[in-house]
Amino acid sequence: MAESEEEVDVLVQRVVKDINNAFKKNPNIDEIGLIPCPEARYNRSPIVLVENNLGVESWCVKFLLPYVHNKLLLYRQRKQWLDREALVDITCTLLLLNPDFTTAWNVRKELVQSGVLNPERDLYLGKLALTKFPKSPETWIHRRWVLQQVLRECCPQGRERKEPGGAERRGAEAEAEATPELERLQRALQEEMKVCTEAAGRYPSNYNAWSHRIWVLQNMAKGNLKILHDELSSMKLWVSMHVSDHSGFHYRQFLLKALVGELSQAAERASAHLPHPSADLHCGHRANGGVTAAEDCQRTGVPELFEGEMELCTDLIESYPGHETLWCHRRHVFFLWHHWKLELSQASGWPPPLLNHTNESLGVPPCPTVGAGAGDGGVKSAQAMDVDGVPAGGGYTRDSKRLKRGPLQPCPALPSEHSFVAKILSASRSPEQGRFATAYRKWLDSVIGLAQYSKQSELGTAPNRWRGWKTKSTACLTSDRPILPRLVLPRQTEPQSKPEPSLLTPLDPGPAGTGAGLLTRGAGSLCPVPCDPLAEGR
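Per the UniProt record's numbering, the very first residue in the sequence shown carries number 1; after that it's consecutive.
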């Protein structure tokens with residue numbers, strides 16, 4: 001038995017050495033894998049290197065994994081000493097076979113902090129482990145830690161703290177050193193995007209990979225509009241080929257929301273004449289003095305983003321019927337669009353546009369960036385305003401600017417969405433497609449319609465048939481619970497007597513068919529529906 005254990009030790013040491021020699025022979029290995037082989041048939045090494053692919057015969061794993069595992073545990077328990085080179089080799093072999101072993105990653109963290117291990121080489125090992133185990137949570141966590149170390153090394157403040165006299169370095173010397181560090185960060189960012197894409201392709205709905213990708217953008221490309229735009233464009237083909245990947249579409253929703261936020265902030269900075277780090281790439285004041293960057297960012301960039309995303313959703317839903325992911329994505333995009341319109345209306349002082357699919361006179365309402373107000377006969381377009389908000393009497397106006405850059409695309413609205421749902425229901429033969437379309441239509445009525453009515457009630461811009469009604473209690477208007485006009489009946493136990501004036505206030509009857517005879521109930525009433533601001537009788 002002792003001889004067999006010695007033979008196993010010799011065999012395992014040889015395999016570990018062969019793995020490290022393979023990396024030295026070809027430092028561009030990009031994939032690892034197991035070769036099904038129940039037993040050793042030939043007297044040769046179980047490590048196979050073909051071009052950039054590294055294979056390990058499966059028969060040696062049952063000997064190799066326990067050996068390196070026990071070696072590392074003995075080292076952590078300070079029962080056996082291993083030099084730094086041996087630690088690098090053992091942890092490399094162990095993590096290629098079992099990347100969820102946290103102790104091995106912690107040892108490599110110590111090696112990175114001591115300067116023995118290069119952070120880029122550690123990221124390279126994690127990349128190889130993800131080719132075999134693309135959902136390994138410990139690997140993704142360790143990558144984020146290593147990237148934080150890279151960010152600290154490239155940070156000027158961190159460098160000045162580390163190096164003596166660093167605070168005195170100024171001018172051309174600091175600028176010359178900043179360029180290689182920026183290139184290093186750019187390479188790391190591109191490599192992370194590539195690793196995340198490969199891992200997402202190997203495992204469907206890889207939540208860990210997409211969450212890591214979001215973290216990278218939030219920490220390594222925060223506020224970079226160019227990178228966000230590039231990511232949104234590059235992901236268009238990917239989601240078109242993975243129409244059932246919820247995590248991939250969630251990442252696209254994150255990009256859309258981040259772009260809307262950054263464009264809005266850039267517009268605010270431009271309108272306040274504040275500098276922006278990426279002003280030369282994205283937003284700046286017009287040289288001709290017509291439309292400012294603030295108007296371009298909000299009135300051109302954001303609507304075009306939503307219009308393009310809704311067009312993508314339409315194409316995918318029509319091309320691939322019966323996929324719930326596409327309908328969920330369309331729902332999220334339309335909600336973001338609706339929320340952005342309300343915020344823009346509040347910031348600009350415009351009343352929120354009336355979105356009611358039952359009103360045929362509305363059609364497709366204009367973009368809120370142009371300005372709209374609800375009237376009796378439909379939607380009134382606001383007057384063309386110049387940069388300072390004064391009605392333009394002539395000269396270079398926003399309308400002339402729009403003619404030069406082309407007509408605005410129709411913005412998403414409730415009428416157009418209901419038309420799209422009706423088209424899908426009439427043309428689709430898939431029961432799943434019909435079920436998803438019906439659920440989307442119900443969501444439009446219950447969520448968007450109620451939110452629109454609640455917001456208009458707060459601002460006093462509710463539809464005409466609800467204008468003029470007043471209530472003594474306004475607590476319900478400020479609550480988060482959406483309220484609809486409903487029939488309020490007295491309790492059956494109450495005697496049917498004439499209501500007291502302090503509880504019920506009659507309103508002036510309107511014309512026929514407009515809700516004549518409605519009553520509003522005061523704060524101290526016995527209304528079975530708690531605190532309804534509007535009570536509609538039949």
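The beta-carbon is built from N, C-alpha and C at its ideal position, and this holds for glycine as well. If you're wondering where the values come from, they're calculated on a predicted model, not measured in any experiment.
So if DSSP puts residue i in a beta bridge, which residue, or which two residues, is it bridged to?
i	result
V50	N53
G33	G55
Tell me the rounded alpha-carbon separation between residue i and residue j.
i	j	result
R14	H250	46 angstroms
F420	S264	29 angstroms
Q149	P119	8 angstroms
A422	W337	21 angstroms
R269	A188	30 angstroms
V61	W327	45 angstroms
A267	D230	20 angstroms
H332	S271	29 angstroms
S426	T438	12 angstroms
M310	S345	21 angstroms
E5	P38	20 angstroms
T179	R441	53 angstroms
E105	P431	The sequence shown places Trp at residue 105, not Glu. Straight-line Cα distance between these residues: approximately 49 angstroms.
E110	N219	23 angstroms
I424	H323	13 angstroms
L123	N70	24 angstroms
H418	N98	52 angstroms
R78	L228	48 angstroms
L68	W140	The question names Leu, yet the displayed sequence has Val at residue 68. Rounded to whole angstroms, V68 to W140 spans 22 angstroms at the Cα level.
residue 539	W215	As shown, the chain starts at 1 and ends at 538. That puts residue 539 outside it, with no answer to give.
D83	F23	20 angstroms
K25	R144	28 angstroms
R435	T314	16 angstroms
L238	P415	Correcting the residue identity first, residue 238 is Trp in this sequence and not Leu. Going from the Cα of W238 to the Cα of P415 covers about 30 angstroms.
R184	G223	19 angstroms
P204	M241	12 angstroms
D100	S446	45 angstroms
S319	A258	28 angstroms
L444	N208	31 angstroms
Determine the contact status of residue i and residue j, defining contact as a CB-CB distance below 7 angstroms.
i	j	result
G334	P412	According to the sequence displayed, residue 334 carries Phe and not Gly. Taking 7 angstroms as the Cβ cut-off, F334 and P412 qualify as a contacting pair.
P31	N53	Checking the sequence, you will find Glu at residue 31 rather than Pro. Taking 7 angstroms as the Cβ cut-off, E31 and N53 qualify as a contacting pair.
P137	N206	no
E181	C154	yes
M235	R252	yes
V260	W210	no
A129	L87	no
P321	Q186	no
E51	I35	no
R108	T91	yes
residue 542	H246	In this structure the chain extends from 1 to 538, so residue 542 is not present and cannot be described.
T93	I47	no
residue 589	V195	Outside the displayed range of the chain (1 to 538) lies residue 589, so it cannot be described from this structure.
L74	Q80	yes
L255	L232	yes
V243	L342	no
V8	F63	yes
L305	E262	no
On the DSSP letters alone, give me the boundaries of the alpha helix (DSSP H) that residue i sits inside.
i	result
A219	One detail in the question is off: residue 219 reads as Asn in this sequence, not Ala. Counting along the chain, the alpha helix (DSSP H) containing N219 begins and ends at Y207 to M220.
K423	L414 to A427
N106	T102 to Q113
V61	V61 to R76
E432	P431 to W443
L117	That residue, L117, is in no alpha helix (DSSP H); it is neither H nor E in DSSP.
P204	Where P204 is concerned, there is no enclosing alpha helix (DSSP H), given that its DSSP letter is neither H nor E.
G223	G223 -> no alpha helix (DSSP H), and no H or E assigned at all.
H142	P137 to C154
Q80	No alpha helix (DSSP H) holds Q80; DSSP gives it neither H nor E.
F254	H246 to S271
P303	V302 to S319
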